[in-house]
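Undergrad: Provided herewith is a single structure, encoded as structure tokens, for subsequent inquiry.
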Amino acid sequence: MKTSKRLLILMAIALFQQGLVKAQWTGKREKPAHPIEVKFGAITKPNRTDPAMAAFRNYGLGQFIHWGLYAIPGNEWNGVSARSGAPASEWIRKWEGSTVPTNWIETYDNLYKQFNPKNFDAKQWARRAKEMGAKYVIFTTKHHDGFCLWPSKYSDYTIANSPYKKDIVKQVVDAYTEQGIDVFLYFSVEEWNNKDYVKNIPKTPDEIARFDRFLKYTRNQLLELQTNYPKIKGFWFDGTWDPSWINAYAFTYNLEKELRNNNPNLIIGSRFRNDEYESRHFDSNGVLLGDYEQGWERKMPADMELLGGNDWDCVMTIPPNGWGYIKNTDGMYLKTTNDIIDLLMKSRAMNGNFVLNFGPDQNGNMSKHENELITALGKWTKTNAEAIYDVKNFPLESKYGYYTLSKTDPTSLFLTVINRPVDGILRLTFPRNAKLVPASAALLDHERDLLLKKANIGLDRDTNTYFDIIVPENLKTKRAFVIKIKLNTPTISENKLMDAKI
Ligand code: FHN
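Residues -23 to -1, 1 to 479 (mature numbering (1 follows the signal peptide of the UniProt record, and there is no 0)) are what the sequence shown spells out, left to right.
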């Protein structure tokens, strides 16, 4: 390598190590030509092959639930909206500006005295999640406000001290597990109202002592969750961005090891910790820190290249933002069933899971829109299950929608049609030298066979070959539909034809 290029790389590493250049959350990781020594890097190997991770890869659809004290205000207080003052509904404690109510933080921190969700029925939630087609749930045990939905013996700010009293986390874990839905516990490290929490790197003896207590407290709570709820499949960490936590890399490394030793099948995403150079999600050599990439939040990777072959999931809100309950959604765009189907199948086509968030109200009810989505999505996922679960990426793209390929039968290809062509002809483009090409097609919903013809559009020096699937004119669609395409080896006559000399 030329000296100047080497110099540039060394300078970049030096800036990175000094924290002057920070890695982005998501995006393509270039593996450096000269990896640096990383002591607190990844603990597990990328693309784990054990049954727990194999199950993760097949989940397809997940449900996220954000539930806590923020459900009581529902993004407003005494009729005044927090929209212009709080970053999101579950962040309402951080309400600032001209609209914030007097003594707001005190009011918020006392909301636990009224948390008594009279309609909460974990079994009903779980039944509905199953109906929707979710195979895993991520449930907030504790969000940034620090309120614990389980009776933690390490805090007084818990459900045990609310009028409701009963352990909500236990009910969720049991009910979802009973429905065959795997449970992941969301856990925010950052705590806004914990006196021991220090945001910046602790410097004074007092800060050092406080943050040390906070780290012990965090460890205790995580071990407590593991002990109380042994059925959980993983943790979904959040609030791990503050300099104090980033600086505690040796502690977090050991804690991850401990959690994994307690349960070798445990799944932890890339948000839990960073390496000794402040590199989050990926270590300084671009290696994923955790079992799957966990940075795709309210955004979807544009293409497979960005994913670098890592496992991943995308978590998504129904409104543009706001994970907790929002009483008044007037004027907000709420994603529709068709939007969700599009995002779900886009994720599946790129080997990822799609996780849809729900924010129940203070009584434990889902909103009308959420309920409608569950029902409509459930209908769709039931009909099209073959295209959603147990599938993987197929290395061709389609302008009509998304391909997914069965993992168990490499001759079963699915095309989710999002964009129905005006002329009713879905023209599939395959490379001329493809070993397997479309041989027959059928609609998944009606199991109706569709006409499939070979097309020859005679482009000069064309390296592709074309197959037309005819969509019947009388097929009424208000949602995307899936075509199951059976693949087979090309017939000899086709090859001959395509090879004909002129
Ligand atoms: O700040 C939180 C936010 O409230 C929400 O919990 C999301 C869910 O992915 N995570 C954080 C932002 O990254």
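Note that CB positions come from ideal geometry on N, CA and C, so glycine has one too.
Which term fits Phe436, buried or exposed, when burial requires 16 or more other beta carbons within 10 angstroms of its beta carbon?
TA: Phe is not the amino acid found at residue 436; the sequence shown has Leu there. Leu436 is exposed by the Cβ-count criterion.
Undergrad: Within the present structure, is the beta-carbon of Trp54 separated from the nearest heavy atom of the ligand FHN by less than 6 Å?
TA: no
Undergrad: Since I believe Ile136 is in contact with Trp127 (beta carbons under 8 Å), could you give me their beta-carbon distance rounded to a whole number of angstroms?
TA: 7 Å
Undergrad: Thinking just about the alpha-carbon of each residue, which of Val166, Tyr254, Phe259 is nearest to the one in Ser247?
TA: Phe259
Undergrad: Please return the same chain residues whose Cβ sits closer than 6 Å to the Cβ of Arg237, not counting the five positions on each side in sequence.
TA: Leu243
Undergrad: According to the neighbour-count rule (16 or more other Cβ atoms, all chains shown, within 10 Å of its Cβ), is Ser61 buried or exposed?
TA: By the Cβ neighbour-count rule, Ser61 is exposed, with fewer than 16 other Cβ atoms within 10 Å of its own.
Undergrad: Can you list, in chain order, the residues of its chain with a C-beta nearer than 7 Å to that of Arg105? Leave out the 5 residues immediately preceding and following it.
TA: Ile351
Undergrad: The ligand FHN and Val332: does any heavy atom of the ligand fall closer than 6 Å to the residue's C-beta?
TA: no
Undergrad: Measure how close the beta-carbons of Gln101 and Ile49 come, nearest whole angstrom, since I'm counting them as under 8 Å.
TA: With a Cβ gap of about 21 Å, Gln101 and Ile49 do not count as contacting.
Undergrad: What residues in its chain sit with their C-beta under 6 Å from that of Trp81, if we drop five residues either side in the sequence?
TA: Trp72
Undergrad: Do the segment 143 to 152 and the segment 198 to 216 touch if we need at least three Cβ pairs shorter than 8 Å?
TA: yes
Undergrad: Given a cut-off of 7 Å, decide if Asn370 and Asn328 are closer than it, judged by their beta-carbon atoms.
TA: Less than 7 Å separates the beta-carbon of Asn328 from that of Asn370.
Undergrad: Pairs of beta-carbons, one from the segment 316 to 332 and one from the segment 419 to 427, closer than 8 Å: are there three or more?
TA: no
Undergrad: Report the rounded CA-to-CA distance for Val399 versus Tyr443, giving the unit in angstroms.
TA: 18 Å
Undergrad: State the Cα-Cα distance for the pair Ala(-1) and Ile245, rounded to the nearest angstrom.
TA: No answer about Ala(-1) holds up, because its pLDDT of 46 lies below 50 and its placement is not dependable.
Undergrad: Starting from the C-beta of Arg196, find all residues in its chain whose C-beta is less than 6 Å away, skip the five residues before and the five after it, and write them out in chain order.
TA: Leu232
Undergrad: Across the segment 12 to 23 and the segment 307 to 319, are there enough close Cβ pairs to call them in contact, namely three or more that are closer than 8 Å?
TA: no
Undergrad: State yes or no: is the C-beta of Asp215 nearer than 6 Å to some heavy atom of the ligand FHN?
TA: Within the cutoff, so yes.
Undergrad: Any heavy atom of the ligand FHN within a distance shorter than 6 Å of the CB on Val292?
TA: yes
Undergrad: Cα separation between Asn396 and Lys376?
TA: 8 Å
Undergrad: Measure from the C-beta of Leu436 to each C-beta in chain D and report whether the shortest distance is under 7 Å.
TA: In the structure shown, chain D cannot be found, because there is only a single protein chain.
Undergrad: Got a sec? Which residues, its chain only, sit under 7 Å from Thr466 by beta carbon, not counting five neighbours each side?
TA: Lys412, Leu413
Undergrad: Residues bridged to Ala416 by DSSP?
TA: Looking at the DSSP output, Ala416 shares a beta bridge with no other residue.
Undergrad: Short of 6 Å in beta carbon distance, which residues of its chain neighbour Thr381, apart from the five on each side in sequence? Order them along the chain.
TA: Arg325, Ala326, Ala364, Val368, Phe391
Undergrad: Less than 7 Å separating the beta-carbons of Arg70 and Asp122?
TA: yes
Undergrad: Tell me which residue opens and which closes the alpha helix (DSSP H) that Asn238 is part of.
TA: 226 to 239
Undergrad: Can you give me the Cβ contacts of Tyr226 inside the same chain, cut-off strictly under 7 Å, excluding the 5 residues immediately before and after it?
TA: Phe17, Arg250, Asn251, Asp252, Glu253
Undergrad: Going by beta carbon distance, what residues of the same chain come within less than 7 Å of Thr388, once the five residues before and after it are set aside?
TA: Leu413, Lys463, Leu464, Asn465
Undergrad: Does DSSP classify residue 482 as helix, strand or coil?
TA: Outside the displayed range of the chain (-23 to 479) lies residue 482, so it cannot be described from this structure.
Undergrad: Would Gly157 be called buried (16 or more neighbouring beta carbons within 10 Å of its own) or exposed?
TA: exposed
Undergrad: Between the C-alpha atoms of Val(-3) and Thr217, what's the straight-line distance to the nearest angstrom?
TA: Here Val(-3) scores only 42 on pLDDT, less than 50, and its place in the model is too uncertain to base an answer on.
Undergrad: CA-CA distance, Gln339 and Leu428?
TA: Counting only the Cα atoms, Leu428 lies some 52 Å from Gln339.
Undergrad: So, is Val394 buried or exposed, given that buried needs 16 or more other C-beta atoms within 10 angstroms?
TA: Counting C-beta atoms within 10 angstroms of its own C-beta, Val394 has 16 or more neighbours from the protein chains shown and is therefore classed as buried.
Undergrad: What are the partner residues of Ala432, as DSSP defines its beta bridges?
TA: Tyr443
Undergrad: For the beta strand (DSSP E) holding Arg404, just list the boundary residues, first then last.
TA: 402 to 408
Undergrad: Starting from the N-terminal side, write out each stretch of the beta strand (DSSP E) that is 3 residues or longer and does not extend beyond the segment 94 to 155.
TA: List check, beta strand (DSSP E) in window: 113 to 119.
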